[in-house]
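Top line first, the protein sequences correspond to chains A and B. Here this note's numbering = 1-based position in the first sequence + 223. Here this note's numbering = 1-based position in the second sequence + 20. Built from N, CA and C at the ideal position, the CB exists for glycine as well. See below for the structure under consideration.
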Amino acid sequence: MTINLKTSTVETREQRLGTIIGWDGKASALAEESAYARGECGGCGASGRGGAKARRVCELTGPFTQGSVCSEQMVECQAGNIRDALLIQHSPIGCGAGQVIYNSIYRNGLAMRGHPVQNIRFISTNLRERDMVYGGADKLDAAIRAAFERHAPKAIFIATSCASGIIGDDVESVARHAEADLGIPVIPLHCEGFASKHWSTGFDATQHGILRQIVRKNPTKKQEDLVNVINLWGSDVFTPMLKELDLRVNYVIDMATVEELAQMSEAAATVTFCYTLGTYLAQGLEQEYGVPQIRAPQPYGFAGTDAWLREVARVTGREDKVEAFIEREHARVRPKVEELKKKLAGLKGYIATGSAYSHSLIGVLREIGVQVDGSLVFHHDPVYDSEDRKQDTLDHLIENYGEVEHFTVGNRQQFQFYNLLQRVNPDFIIIRHNGLSPLAARLGIPAIPLGDELHAFGYQGMINLGEAILAVLQHRKFHQDIAGRVKLPYKKSWLAEKDPFALARVAAE
Amino acid sequence: MSKKLKQIAIYGKGGIGKSTTTSNISAALAEAGYKVMQFGADPKADSTNTLRGGEYIPSVLDLLAERRRVDAYEAIFQGFGGIYCVEAGGPQPGVGCAGRGIITAVELLKQQRVFEELDLDYVIYDVLGDVVCGGFAVPVREGIAEHVFTVSSSDFMAVYAANNLFKGIEKFSTAGGALLGGIIANSINTDFQREIIDDFAAHTKTPIVQYVPRSLTVTQAELSGRTTIEAAPKSEQAEVYRALARRIADHTESKVPTPLGPLELREWSAKWADRLVEQERAAA
């Protein structure tokens, strides 16, 4: 089933892909239930026609399931991070609480990429009681016009909210009018928090709006050496790598300009560091503009990076250059990996990150000889938008690096995280999102926060991650001291509980 | 070549005969060979009953309440003449948000490309009463219906509801929303009733699409769970509905209405109340 760009609201991941946020078992069982290749699974009944792409995986739902942010915040950290655009939050002011943290991330990202450092440009319509009763459309219109006058942006995004969604504010027509008057794209992004249980729907909402209103509809030229890289704010590792194939990088969405987003339809291919993030946009560019997405494993570890590079080379007609590069990189990296293996022997790691990203990080850890018995991913997409088995990251992990005994899908519930860690007792954890390291620290386990999402990427990523582990283990004594002096706030019965989903199972009975 | 789908919204005060009229229009269009969907946008979820032998069907929101992923086709049931029947459904009175329900149900069908896949000629939305909140305005807003008709009797409360609808249409008209096709004057049996509704139409610069008399045939058909078109195809009333359906099918140009202001409406109704009293006095 193709993605539907005719409607302004993106289909949620639950509806489109069959996304779940609760599951526990062996990784191979989850891969089997997701039934990527077969398109159907026995798990929880047939997919049906309306979810032609969606697979139905049996979901564990408990009294405490959703434990993190919502779609709107993903719109903030994508649409809000475009350098010459602006984001209006059509919401009560509380939805803007994340602006401080997103500003710090944005500023760091700009500095890392060598762009001039600036603040994020968000405006909240500050919906109040009166607006809930009389409607907020006039306020939105005023905000758009104020934004245009103050900042002269090249595009204005509008993030909707639960409040505007419930009262049915006509955001569409306000945006359309303003667009006609101001002569720049004014793009409503429907990201009401109640619509989807997982924030990744917010990635899709942003990408949906960009595909509909910013990407150049009738590209007159083709840039045959340009590759769209769907990325966050991490360091620039793609440029040197793709330069080896004489390819240029078009980084999107974060820290791109509106023009860089518009030219995506002219590129030779689209790649991403993580299919959880990039699947929708890549599929849309392929479907609407014929820009091929790279159908390969994610570029982590030897097997994944080899396969990914070869596919990029094939699609862009650079096969003559790729083998020599792969050979050089293997020769450079392998001895270092062997050295790291000796130093890391006997260590156990645990990964708690986004879904596809975790699949790849587990592989990287196993490449460098670290044992991984468990992982927590915040959601699971049984299939990505391409429906291509070559992108099945979970299957790639199992085929190349073997089973993961305790594979968990859970939405960052602290009380569960305790049992998850107790079950496998790791020497360190790898995370990317805040709020997970304090609990681990109280158990004496240090955390490696991969603020830079590209730290473990490609061949060099194996070395980077190995070195990060060696560095963090220097803190082990400090963490053991913390563990010796603090108590967790849970009851003894819960501290003794072996099953992280015990509450969900009781609720299901 | 793909045909052009025509989307029509029919509004009216609760109990005014809106679902009866809508179902008979759908039935007459189906009888004339068109592919029709009737979309009930009323939390009572009974718009399509007379197209399905008096039977209730599960609504889109019933299905959404049960499961996270819904196949839109599970909420589509065929009725008389192959008409596709859909009920948005909604919460019990006094709880939740029925307006949000309409937004959710319409969005689900659009996202799953149901209208294109079924290759429909007509989608007719049967929408509850006044445009009380944003959700109830969804069928009027850009990209859904092109033409709006209102069912109104000469009863003052029905006229108030119609006037409110005109306000909604006027508001959205500058934003690419649907325009007004006209008034379907229902339960018009006397000259006096006709004069009232004609006068309201003249004040608001709105055409009357059809006068529909109150008829026992309609009641009998409804009691048997059928439309008049199905139950009494040869009746005079069925002809009235067929004529109405033809006019709606042929209708191309809708307009922005000029609703009466609160004071104007009060004065207008006071004038007719006085005349009614006078007339009754004369008769006595």
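The beta-bridge partner set that DSSP reports for PRO520 of chain A is empty. Among the residues of chain A, those whose CB is under 8 Å from the CB of GLY154 of chain B are GLY358, ILE390, GLY391, ASP392 and ASP393, following chain order.
If you draw a straight line from the Cα of LYS276 of chain A to the Cα of ARG239 of chain A, it is about 6 Å long.
For the segment 107–123 of chain B, the set of residues with a beta-carbon nearer than 9 Å to any beta-carbon of chain A comprises CYS117, GLY119, ARG120, ILE122 and ILE123, in chain order. Interface residue (Cβ-Cβ distance to chain B less than 8 Å): THR232 of chain A is classified as such.
The beta-carbon of GLY196 of chain B is placed less than 8 Å from the nearest beta-carbon of chain A. Among the residues of chain B, those whose CB is under 9 Å from the CB of SER396 of chain A are ARG161, GLU162, PHE192, THR194, ALA195, GLY196 and GLY197, following chain order.
According to DSSP, MET57 of chain B shares a beta bridge with B:TYR104 and B:VAL143. Looking from the CA of GLN486 of chain A, the closest CA among A:ALA519, A:GLY577 and A:LEU434 belongs to A:LEU434.
Closest in alpha carbon position to ARG262 of chain B, among B:SER43, B:ALA181 and B:GLU298, is B:SER43.
DSSP places ASP211 of chain B in the helix class (H, G or I) of the three-state scheme. Chain order gives the chain B residues near GLU237 of chain A as ARG88 and ARG89, where near means a beta carbon separation below 9 Å. Not a single C-beta of chain B is nearer than 8 Å to the C-beta of ASN648 of chain A.
Residue-level contact by beta carbon fails for GLU166 of chain B and chain A, as no gap is shorter than 8 Å.
Taking HIS223 of chain B as the centre and dropping the five residues before and after it, the same chain places the C-beta of LEU280 and TRP288 closer than 7 Å to its C-beta, in chain order.
The count of Cβ pairs closer than 8 Å, one atom from the segment 52–68 of chain B and one from the segment 106–117 of chain B, reaches three, so the stretches are in contact.
Looking from the CA of VAL260 of chain B, the closest CA among B:ALA269, B:TYR231 and B:SER244 belongs to B:TYR231. DSSP, reduced to helix, strand and coil, places TRP456 of chain A outside both helices and strands of the structure shown, so it counts as coil. Cβ neighbours of GLY358 of chain A within its own chain (closer than 7 Å, five residues either side excluded): ILE390 and ASP392. By the Cβ neighbour-count rule, THR383 of chain A is buried, with 16 or more other Cβ atoms within 10 Å of its own. In this structure, the alpha-carbon of SER46 of chain B lies about 35 Å from that of ALA398 of chain A.
With three or more CB-CB distances shorter than 8 Å, the segment 568–588 of chain A counts as touching the segment 651–663 of chain A. Listed along the chain, the chain A residues whose CB falls inside 7 Å of the CB of ALA85 of chain B amount to none; the nearest CB is some 14 Å away. If you draw a 10 Å sphere on the C-beta of ASP543 of chain A, you find fewer than 16 other C-beta atoms in it, and that means exposed. Taking 8 Å as the cut-off, the Cβ atoms of ASP218 of chain B and ILE204 of chain B do not count as close.
The Cβ of VAL158 of chain B sits closer than 8 Å to at least one Cβ of chain A. The continuous alpha helix (DSSP H) containing VAL297 of chain B extends over residues 282–303. Contact note: ASN227 of chain A reaches chain B through GLN131 and ARG133, using a C-beta cutoff of 7 Å and chain order. Here PHE380 of chain A is bridged, per DSSP, to A:LEU310 and A:ILE410. In the structure shown, HIS223 of chain B adopts helical secondary structure according to DSSP, grouped into three states. Note on geometry: alpha-carbon atoms of ILE671 of chain A and LEU711 of chain A lie some 21 Å from one another. One alpha carbon belongs to GLN614 of chain A, the other to VAL600 of chain A, and they sit about 17 Å apart. For GLY667 of chain A, no Cβ of chain B is located within less than 8 Å of the residue's own Cβ. Put simply, the backbone Cα of LYS721 of chain A is about 22 Å away from that of GLY658 of chain A.
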